[in-house]
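Structure first, then comments.
Residue numbers (the UniProt record's numbering): 1 to 345.
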């Protein structure tokens, strides 16, 4: 008898989004997100009362207003529709030997539902690609934990392979470089900012290999000792992007955004984007091009925070021109780069 055709499942995962920009849906999303022990690494007895009882109820109405700015009237959440577009085009690119599904770590479409689709398709193995270029325990690590928690209960457990980081992947770097070159051709810029999502410093130190990470010059090189250090990966991505764009070291700055303000006053990775850009105009930097290479799809953190809020801060400080480089979304060259990563695994 001929051997049955083997099929490979591909699970693309992004962070998550509320079902709508209304306060109730935003509250449900934030409750799930901010009570994840990998995101807020506090004892459950502290985490749940603090965030479900205090932080989320206060934050949800404010976040809902921001989501209302972001929401597309026809397609809804950009993070969702860009993810579904990527799924569709990746399926077309990879062909019948693959089954590509998309899920969110928090809310819908769920990882559980996506994995059920792959199980029903009788795939022989599963490649999981969390759509976070730089590994962090609070993002990629949380996805990995969730997938393993689901699959362990299956009677027949397929081979599961995780693409844990692609911070230095050539296709990823070149895709963002293409986006950047298109913007650089339109305007003369004094400086480039590579702004990454921040995480608490303790998250970096907790994951340090034998105490290698010191939040300093240890990130000047990317090697086996800091392969999964989030900070080191951000600097590695930046160096490679700068090289692809022909930038000197003094022509760009690496910063960190989106820190969670709390009464705990935990230090997050620095320098902070909002503080750095307010100082630029006084230094003669009036025209800035901003990349956000921690995100492969436009979302609240890129469109609103970098594209609008940071622009306003920069201009209020005396800046003349602030431009966000659009994310990769489902651009054809990015789809092909993702396909190459999948084929290599």
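We put the CB at the ideal spot given by N, CA and C, even for glycine.
Under the three-state reduction of DSSP output, residue 163 falls in the coil class, being neither helix nor strand. Short of 6 Å from the beta carbon of residue 71, and not among the five residues preceding or following it, lie these beta carbons of its own chain, in chain order: 21. Bounds of the alpha helix (DSSP H) holding residue 334 are 332-343. Linking residue 178 to residue 324 through their CA atoms gives a straight-line distance of about 14 Å. For residue 233, the enclosing alpha helix (DSSP H) begins and ends at 230-245. A contact is defined here as three or more CB-CB pairs under 8 Å, and the segment 300-313 fails this definition with respect to the segment 118-129. The three-state reading of DSSP puts residue 171 in helix, counting H, G and I together. Judged by DSSP in its simplified three-state form, residue 149 adopts helix.
The beta carbon of residue 169 sits closer than 8 Å to those of 133, 337, 341, all from its chain and outside the five residues before and after it, given in chain order. About 6 Å separates the CB atoms of residue 40 and residue 51; that is less than 8 Å, so the two are in contact. Assigned with DSSP and collapsed to three states, residue 255 falls in strand. Runs of alpha helix (DSSP H) with 4 or more residues, each lying fully within the segment 104-137, are found at 111-120, listed in chain order. 9 Å or more divides the Cβ of residue 116 from the Cβ of residue 289.
Taking the CA atoms as reference points, residue 12 sits about 11 Å from residue 99. With contacts defined as CB atoms closer than 9 Å, residue 14 and residue 158 fail to qualify as a contacting pair. For residue 192, the uninterrupted beta strand (DSSP E) segment begins and ends at 191-197.
Residue environment analysis places residue 275 among the exposed positions, since fewer than 16 neighbouring C-beta atoms fall within 10 angstroms of its C-beta.
Contact between the segment 26-37 and the segment 99-115 is present: three or more C-beta pairs spanning the two stretches fall below 8 Å.
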